[in-house]
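Colleague: So the protein lines, in turn, are chains R and V. Residue numbering for the first sequence follows numbering that gives the first Met the number 0, starting at 0 and increasing by one per position. Residue numbering for the second sequence follows numbering that gives the first Met the number 0, starting at 0 and increasing by one per position. Just so you know, even glycine gets a beta-carbon here, dropped at the ideal spot from N, CA and C. This one's a predicted model, so the numbers in the text were calculated from it and none came from an experiment.
There are 2 protein chains.
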Amino acid sequence: MEEKQYLMLPGPTPVPPRVLRAMARPMINHRGPEFKALFEEVTAGLKEVFRTQNEIIIFPSAGTGAMEAAVVNFVSPGDKVVVVSIGVFGERFAEIARRFGAQVEKLDFPWGSAADPEALAELIAKDKEKEIKAVFVTHNETSTGVTNDLCALRKAIGDHPALFIVDAVSGLGAVELETDQWNLDVVVAGSQKSFMVPPGLSFLSVSERAWKVTEKCTNSRYYWDIRAAKNYAEKGQTPYTPALPQLAALAESLKIIKKEGLDNIHARHRRHRDMVRTAVRAIGLGLLAPDEVASPALTAVIPPEGIGADEVRKVLHQEFNVVVAGGQQTLKNKIFRIGHLGYVQDLDIIAVIAALEMALVRCGYQVELGKGVRAAQEVLLNS
Amino acid sequence: MEEKQYLMLPGPTPVPPRVLRAMARPMINHRGPEFKALFEEVTAGLKEVFRTQNEIIIFPSAGTGAMEAAVVNFVSPGDKVVVVSIGVFGERFAEIARRFGAQVEKLDFPWGSAADPEALAELIAKDKEKEIKAVFVTHNETSTGVTNDLCALRKAIGDHPALFIVDAVSGLGAVELETDQWNLDVVVAGSQKSFMVPPGLSFLSVSERAWKVTEKCTNSRYYWDIRAAKNYAEKGQTPYTPALPQLAALAESLKIIKKEGLDNIHARHRRHRDMVRTAVRAIGLGLLAPDEVASPALTAVIPPEGIGADEVRKVLHQEFNVVVAGGQQTLKNKIFRIGHLGYVQDLDIIAVIAALEMALVRCGYQVELGKGVRAAQEVLLNS
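Structural data, given as structure tokens:
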């Protein structure tokens with residue numbers, strides 16, 4: 000049915016109607032007073048979600064853009080860096096760092112598991128000469144549905160001078176993250192996830208320590224140069240034309256976020272995770288991530304033996320207008336990923352579980368209809 | 000009056016209501032069939048506006064992003080390049096090229112004038128060793144309201160192997176540009192100018208010759224890597240999350256462009272240029288650019304002796320809700336710039352001229368009210 004879709008992706012996520020409408024606002028002068036007010040409003044709102052007093056830079060770009068900014072502003076060619084990788088987006092950080100001349104040491108964990116803080120502590124302890132300039136970590140790994148324990152990983156570095164740089168694109172706003180309390184130097188986020196805004200903006204918070212590094216950083220940069228962004232921000236402007244519709248949308252969505260409250264939003268995401276996981280187990284399917292590290296933002300599901308994940312996805316899309324994501328790279332056709340972040344309410348989850356049951360029946364898997372739904376209902380009523 | 004503004008900037012330009020509404024469309028999966036159809040539709044439409052069969056890459060970014068892409072994909076560190084500069088955006092190209100390690104030779108012309116093709120031909124003729132790898136040129140210089148003769152500049156290079164790389168951000172779609180016929184290797188454009196779409200997308204066309212250069216280019220790149228973009232485009236996708244609202248808006252605006260016809264659109268822009276210039280002269284103000292090179296997209300006006308350009312702008316904004324741009328850098332407060340590109344019709348121009356007359360009276364300049372308006376009307380009726 001045209002446009003009436005359950006978009007259960009880990010991004011782009013559904014956008015509330017009032018946020019969509021906010022984008023239909025006529026253009027304004029990005030060098031004028033209306034823009035300054037908008038820019039200052041969204042920057043203040045972002046700081047609340049990041050839970051930080053640090054400067055926040057807003058780029059007109061995909062989240063990957065801010066990941067690149069998190070490399071080129073803090074890593075000089077030849078620098079040694081550690082990239083903690085638990086999936087596709089850890090690999091992406093490593094690849095960007097390599098492209099810009101870093102000597103990358105990867106600390107890999109099997110896809111579907113979280114990073115072990117002790118392994119990071121050991122690696123850091125070996126660096127007697129303090130050669131490691133930065134540690135890159137994924138907050139919430141979108142390819143596997145695993146959340147890393149950022150607070151413990153940060154502590155594993157102790158007082159080693161390496162910057163702690165976090166890709167929080169799919170996690171921030173849905174999953175607990177305390178930029179200041181946990182002492183996170185650089186945190187990257189994007190508009191199209193828990194912020195409930197269409198893709199087109201990325202965000203970067205920068206600690207004072209990180210600002211000192213960027214001043215000396217020798218990597219080539221222009222578009223991503225946070226020094227220029229900071230200078231313009233002091234006038235309430237951006238160095239080049241900002242993505243006005245997404246900024247207007249963000250102002251609107253930040254009001255919605257403030258009204259629900261970040262703690263309540265986190266609790267809702269955990270509840271939806273538990274509903275999905277309990278239902279998936281009741282239906283008899285597998286889960287890629289163990290409970291202890293399972294992401295509140297999305298769930299990676301392993302289909303029954305003999306049924307391809309993409310077959311289930313196809314039926315969900317064609318018969319029930321439910322869109323879920325596939326597996327990436329080595330996980331292709333092995334899992335499907337149910338996004339439950341952003342503008343998602345309890346009944347959306349239940350409807351999607353019902354659709355999943357029916358899709359499985361269509362794919363030839365015998366499931367007692369309603370069993371997963373009931374399991375999700377029970378989690379909801381007991382929450 | 001809230002939101003009812005004459006936004007006469009050289010970007011962002013006014014967006015037609017139906018294009019604004021197109022952005023309010025719910026999100027879709029950027030890895031799904033709906034996106035593929037949208038992506039292919041806008042790519043085909045862009046090729047018509049670029050007048051090219053070359054590949055077109057679409058970035059989620061400001062126009063400056065595609066300028067950076069036009070450097071990092073075609074210029075290797077140490078390469079010698081020529082940047083033809085007639086204003087702020089020529090300087091920007093030079094600065095980006097320098098940041099990424101190019102040896103930049105500037106070919107400067109006074110701000111307010113166009114580039115002389117003979118001067119470029121002479122410079123190229125001196126390069127017996129064919130060391131120059133690329134020539135960067137601005138199509139339409141937004142800071143001064145001057146259009147370069149791209150066709151003549153391209154011819155000035157003759158069969159020298161340097162790539163010819165054009166910043167057409169503020170010109171393409173408003174001012175004649177023939178990518179294939181004029182043999183332009185790389186052409187950069189943005190959504191927020193004549194395309195009548197909000198900021199957030201940039202475009203880059205790439206000739207076959209330029210593709211060969213990018214394969215060997217050693218500059219660091221990830222976000223702007225056109226090889227990745229090309230690989231994904233073959234599947235109807237982008238390497239990372241695209242700016243969906245602007246793409247939906249672009250699909251809508253390309254229909255409007257097709258209906259009016261590119262030649263008619265160019266004629267409209269020339270007519271508006273002539274209306275504005277004739278009116279400005281009738282009022283007794285100065286024009287920065289001479290007639291022969293005056294931009295159809297915007298006009299830089301020199302206010303009367305003793306009145307600051309920013310004073311006129313302030314009155315226009317506060318009393319008449321007309322927003323025009325100020326002068327940049329050395330032209331600050333010396334000129335104001337009336338944008339007349341994109342979604343602008345004849346009566347908009349006349350209303351703005353009337354407002355300008357009244358603003359000048361408020362600023363203490365004696366002008367016969369209606370004189371500029373009449374001059375513009377005469378141009379219109381005789382066109």
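According to DSSP, what are the bridge partners of R:I107?
Modeller: Checking the sequence shown, residue 107 of chain R turns out to be Asp, not Ile. Note: R:D107 sits in a beta bridge opposite R:S84.
Colleague: Please tell me whether V:D115 and V:A101 are closer than 8 angstroms, where the distance is taken between their beta carbons.
Modeller: Taking 8 angstroms as the Cβ cut-off, V:D115 and V:A101 do not qualify as a contacting pair.
Colleague: By alpha-carbon positions, which one of R:C150, R:G307 and R:I256 ends up nearest to R:V18?
Modeller: If we check each option's Cα against that of R:V18, R:I256 comes out closest.
Colleague: Please list the terminal residues of the continuous beta strand (DSSP E) segment that includes R:Y5.
Modeller: Segment Y5 to M7, the beta strand (DSSP E) holding R:Y5.
Colleague: With 16 as the cutoff for other CB atoms within 10 Å, does V:P160 come out buried or exposed?
Modeller: Its Cβ having fewer than 16 others within 10 Å, V:P160 is exposed.
Colleague: Using alpha carbons as the reference points, say which of R:V71, R:S112 and R:P109 lies closest to R:F92.
Modeller: When each option's Cα is compared against that of R:F92, the closest is R:V71.
Colleague: By the 9 angstroms beta-carbon criterion, what residues does the segment 208-242 of chain V contribute toward chain R?
Modeller: Within the segment 208-242 of chain V, the qualifying residues are N218, S219, R220, Y221, Y222, W223, D224, T237, P238, Y239, T240, P241 and A242.
Colleague: Helix, strand or coil: how does DSSP classify V:D224 here?
Modeller: Coil at V:D224, not helix or strand.
Colleague: Would you report the Cα separation of V:K333 and R:G44, rounded to the nearest angstrom?
Modeller: Answer to the nearest angstrom: the Cα atoms are 37 angstroms apart.
Colleague: Identify, in the order they occur along the chain, each residue of the same chain with its Cβ nearer than 7 angstroms to the Cβ of V:E130, setting aside the five sequence neighbours on each side.
Modeller: So the list reads K79, once near-sequence residues are dropped.
Colleague: Please list the segments of the beta strand (DSSP E) lying wholly inside the segment 124-183 of chain R, counting only runs of 3 or more residues, in order along the chain.
Modeller: Fully enclosed beta strand (DSSP E) runs of 3 or longer: 131-137 and 162-166.
Colleague: Starting from V:S142, find everything on chain R with Cβ-Cβ shorter than 7 angstroms and list it in chain order.
Modeller: Here the premise fails: no neighbours, minimum Cβ distance about 13 angstroms.
Colleague: Return the chain-ordered ranges of every beta strand (DSSP E) run that is complete within the segment 279-305 of chain R and spans a minimum of 3 residues.
Modeller: DSSP runs (the beta strand (DSSP E)) wholly in the segment 279-305 of chain R: 297-301.
Colleague: By the 10 Å Cβ neighbour count, where 16 or more other Cβ atoms means buried, how is R:N28 classified, buried or exposed?
Modeller: Its Cβ being crowded by 16 or more others within 10 Å, R:N28 is buried.
Colleague: Give the residues of chain V in contact with R:H339, contact being defined as C-beta atoms less than 8 angstroms apart.
Modeller: What R:H339 touches in chain V: nothing, since even the nearest Cβ is about 15 angstroms away.
Colleague: V:V372 by DSSP, collapsed to three states: which one?
Modeller: Reduced to three states, the DSSP call for V:V372 is helix.
Colleague: Examine the ligand MN and report whether any of its heavy atoms sits within less than 7 angstroms of the Cβ of R:Q52.
Modeller: The ligand MN is not part of this structure, which contains no ligands at all.
Colleague: Excluding the 5 residues flanking R:S201 on each side, which residues of the same chain have their C-beta closer than 6 angstroms to its C-beta?
Modeller: Hits under 6 angstroms: F58, S60, G62, G64, A65 and G189.
Colleague: If you follow the beta strand (DSSP E) that R:L200 is part of, which residue opens it and which one closes it?
Modeller: Taken as a continuous stretch (DSSP letters only), the beta strand (DSSP E) holding R:L200 covers L200 to V205.
Colleague: If you follow the alpha helix (DSSP H) that R:K62 is in, where does it begin and where does it stop?
Modeller: In the sequence as presented, Lys is not what sits at residue 62 of chain R; that position holds Gly. Segment G62 to V71, the alpha helix (DSSP H) holding R:G62.
Colleague: For the segment 314-328 of chain R and the segment 172-183 of chain R, state whether three or more C-beta atom pairs, one from each stretch, are separated by less than 8 angstroms.
Modeller: Touching, no.
Colleague: Mapping the DSSP letters down to three states, classify R:Q328 as helix, strand or coil.
Modeller: Helix.
Colleague: I need the boundaries of the alpha helix (DSSP H) containing V:E47, first residue and last residue.
Modeller: From DSSP, the alpha helix (DSSP H) with V:E47 extends over P32 to F49.
Colleague: List the DSSP bridge partners of V:S190.
Modeller: Answer is none; V:S190 lacks a bridge partner.
Colleague: If I measure Cβ to Cβ from V:T12 and keep anything under 8 angstroms in the same chain, skipping five residues before and after, which residues do I get?
Modeller: So the list reads L6, Q191, K192, S193, M195, G338, L340, G341, Y342 and V343, once near-sequence residues are dropped.
Colleague: So with CB distances below 9 angstroms, who are the chain R contacts of V:E251?
Modeller: By Cβ distance, chain R contributes nothing, its closest Cβ being about 12 angstroms from V:E251, past 9 angstroms.
Colleague: What distance in whole Å lies between the Cβ atoms of V:L243 and R:P197, which are believed to be in contact at a cut-off of 8 angstroms?
Modeller: That belief holds up - the Cβ atoms of R:P197 and V:L243 are roughly 5 angstroms apart, short of 8 angstroms.
Colleague: Chain V partners of R:Q4, CB-CB under 8 angstroms?
Modeller: Those within 8 angstroms of R:Q4 in chain V are P25 and I27.
Colleague: Could you give the distance in angstroms between the alpha-carbon of V:D290 and the alpha-carbon of V:I352?
Modeller: Approximately 19 angstroms, taken between the alpha carbons.
Colleague: Name the residue from V:A173, V:N218 and V:A155 whose alpha carbon lies nearest to the alpha carbon of V:V74.
Modeller: Among V:A173, V:N218 and V:A155, the Cα nearest to that of V:V74 is on V:N218.
Colleague: Which residue from R:R269, R:Q327 and R:Y364 puts its Cα closest to that of R:V292?
Modeller: Ranking R:R269, R:Q327 and R:Y364 by Cα distance to R:V292 puts R:R269 first.
Colleague: According to DSSP, simplified to helix, strand and coil, what is R:Q317?
Modeller: In the structure shown, R:Q317 sits in a helix (DSSP, three-state: H, G or I).
Colleague: Would R:Q328 and R:V87 qualify as a contact pair, given that the criterion is a beta-carbon distance under 8 angstroms?
Modeller: The answer is yes: Cβ separation under 8 angstroms.
Colleague: Suppose contacts are defined by Cβ-Cβ distances below 8 angstroms. Is R:I85 in contact with R:E67 by that definition?
Modeller: Contact flag unset, no.
Colleague: Please look up how many angstroms separate the CB atoms of R:T146 and R:S252, rounded, as I've assumed it's under 8 angstroms.
Modeller: Incorrect: roughly 22 angstroms between the Cβ atoms, too far for contact.
Colleague: How many angstroms separate the CA atom of V:L183 from the CA atom of R:L330?
Modeller: Looking at the two C-alpha atoms, the distance is approximately 43 angstroms.
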